[in-house]
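Protein chains in written order, with our numbering: chain A, 22 to 292; chain B, 324 to 605.
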């Protein structure tokens, strides 16, 4: 192909990429504009008045946004602790031990992803209601733990499976008890993978909407619920600022995921 | 004899380690799941199909609406992920591949409720999409209309889920043996033909897995249809929440839930059957 064909093809590619960039970033940019708009209505293409008035309202110490952020973070840390307590032993057994029906167990943890979750969540809420768990932090943490369970167990399994078995055997041969060998050899080596799963669970919990919607109401108001109600009330500024706060960790994670999840662990996920 | 008991002890130990995880799944998933089926099919006079009939009677329009939206979104996501993944694998200009690779992932971990809010502003009457169409001369200002209906749900789903499927598909494409591609290129096959006849058939299992996971996720989303589409018909998730929050009507809500399981099961069954057929043919 000659140079004459080359040039339009570069221009076409560039045009397509610009269009694609608009599709990806347009909605994010629109939200950013709303976050700093004070007055904006149809048919104006841009806000009539810009400013930080709504930021002040959101970040006021006694405002409900700060309270929601606090609730969300407490729940996310609780969910991470709960998930790790469940997933580390399970991941060790699945990745290391001589567990019978290993594949069946791995598939069992996948099962919640195979069912539309709303139908399950509304029944969890009903069961929790009779146990007095509705509208409590514990109830919401439990629901979030279920949501993150498949990721935490599968990634922990892969992380333990990627640790060289001989190292643990060497420690055992030098007289270490199984628990000492686990604590000083296996766990530290599997730690990067487990940290990745912890970050993933933290993020899932921070962003979770449906489970909190059914189980948390009316007492527990996390950031996603605050965003939802602000948006439904037509308060686009508060909704957009809340969306922005939730967007930052999601995008950071997207940009950094490859550093956390090493290829050798990724290759073992689900195998 | 000693060896045998130590193996049994190891197995018991492993089962003990996995027990908390099993209890969590049992109590928080299997139990509510069983509960939902009982609610859907059990009445004061024993087992019954009347809840299901009532649910379909009230919401048949929404059942079809949900199915159409989710199937259409899945198809579009599949198409886009093949296009993006294909360009990342076969594209010749390094800068375009690099930019595309950096661009396509952004929505990957953005939560649905945030995506819903982004699209609520972007697709609104005075949103950026209309502004661009008007500025570009594609549309008169008076024609500007809100896209916040079924189109909005579809656009949000595609925007949010395409990166996930593309990530899987592009990964599978990158792992392919390049020699068949090079061989086809050497005999003069065009890139589109290489993509459709050589690359796509080989990544089909990954593509299908990604699409089915996306399908289930979209079937489960409550926030997006609530935020984007305030009119009827709407998606089943919204109807379920409405039945529960406004009427405390668990039988009908769970019958709708059963319909959403059924819609997922049909797709999973079709996929598994196809897998079996392929294995039989090979």
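Glycine included, every Cβ here is placed at the ideal spot set by N, Cα and C. These figures come from a predicted structure and were not determined experimentally.
Inter-segment contact for the stretch 141–148 of chain A and the stretch 202–209 of chain A is absent: fewer than three beta-carbon pairs are separated by less than 8 Å. In terms of Cα proximity to residue 120 (chain A), the closest of B:333, B:485 and B:505 is B:333. The contact set of residue 405 (chain B) on chain A, defined by CB atoms closer than 8 Å, is empty, because the minimum CB distance reaches about 15 Å.
The C-beta of residue 580 (chain B) comes closer than 8 Å to at least one C-beta of chain A. In the three-state DSSP reduction, residue 571 (chain B) falls in the coil class, being neither helix nor strand. For residue 134 (chain A), the chain B residues whose C-beta falls within less than 9 Å of its own C-beta are 536, 539 and 540, listed in chain order. The way I'd put it, the stretch 437–445 of chain B does touch the stretch 248–259 of chain A; three or more beta-carbon pairs between them come closer than 8 Å. In this structure, residue 537 (chain B) lies near residue 484 (chain B), with their beta-carbon atoms less than 8 Å apart. Two segments are said to touch when three or more pairs of C-beta atoms, one from each, lie closer than 8 Å; by this definition the stretch 494–502 of chain B does not touch the stretch 475–482 of chain B. For the set A:270, A:95 and A:50, the Cα lying nearest the Cα of residue 443 (chain B) is the one of A:50. Of all residues in the stretch 34–64 of chain A, those with a C-beta nearer than 9 Å to a C-beta of chain B are 34, 35, 37, 38, 41, 42, 43, 44, 45, 46, 47, 48, 49, 50, 51, 52, 54, 55, 61, 62, 63 and 64, reading in chain order. In the pairwise beta carbon analysis, the stretch 551–558 of chain B is classified as not touching the stretch 523–537 of chain B: fewer than three pairs are separated by under 8 Å. Interface annotation, residue 222 (chain A): not in contact with chain B, CB-CB separation never under 8 Å. A direct Cα-to-Cα measurement between residue 232 (chain A) and residue 139 (chain A) gives close to 8 Å. Two segments are said to touch when three or more pairs of C-beta atoms, one from each, lie closer than 8 Å; by this definition the stretch 70–82 of chain A does not touch the stretch 223–241 of chain A.
Counting other Cβ atoms within 10 Å of its Cβ, residue 421 (chain B) stays below 16 and is therefore classed as exposed. Assigned with DSSP and collapsed to three states, residue 369 (chain B) falls in strand. Closest by C-alpha distance to residue 221 (chain A), out of A:277, A:194, A:158 and A:153, is A:277. Of all alpha-carbon atoms in A:156, A:103, A:37 and A:45, the one lying nearest the alpha-carbon of residue 165 (chain A) is that of A:103.
In the structure shown, the three-state DSSP call for residue 119 (chain A) is coil. Cβ neighbours of residue 472 (chain B) within its own chain (closer than 6 Å, five residues either side excluded): 552. Listed as beta-bridge partners of residue 58 (chain A) by DSSP are A:71.
Going by C-alpha positions, residue 158 (chain A) is about 27 Å away from residue 539 (chain B). For the pair residue 236 (chain A) and residue 356 (chain B), the Cα-to-Cα distance works out to about 16 Å. When C-alpha distances from residue 340 (chain B) are compared across A:36, A:115 and A:199, the shortest belongs to A:115. Within a 10 Å sphere around the beta-carbon of residue 509 (chain B) sit fewer than 16 other beta-carbons, which makes this residue exposed. Comparing C-alpha distances from residue 410 (chain B) to each of B:470, B:486, B:518 and B:345 shows the shortest one belongs to B:518. Pairwise C-beta distances place the stretch 565–577 of chain B out of contact with the stretch 448–459 of chain B, as fewer than three of them are shorter than 8 Å. When DSSP states are grouped into helix, strand and coil, residue 241 (chain A) belongs to the coil group. Residue 165 (chain A): member of the alpha helix (DSSP H) spanning 158–182, first to last residue.
Straight across, the Cα-Cα distance linking residue 592 (chain B) with residue 353 (chain B) is about 20 Å. The Cβ neighbour count for residue 151 (chain A), taken over all protein chains shown within 10 Å, is under 16; the residue is labelled exposed.
Counting the other CB atoms within 10 Å of its CB gives residue 88 (chain A) a total below 16, which places it among the exposed residues.
Legend: CB atoms of the stretch 142–164 of chain A lying less than 9 Å from CB atoms of chain B belong to residues 142, 143, 144, 145, 146, 147, 148, 163 and 164. Taking 7 Å as the cut-off between beta carbons, none of the residues of the stretch 468–481 of chain B comes near chain A. Taking the Cα positions, residue 30 (chain A) is about 22 Å away from residue 402 (chain B).
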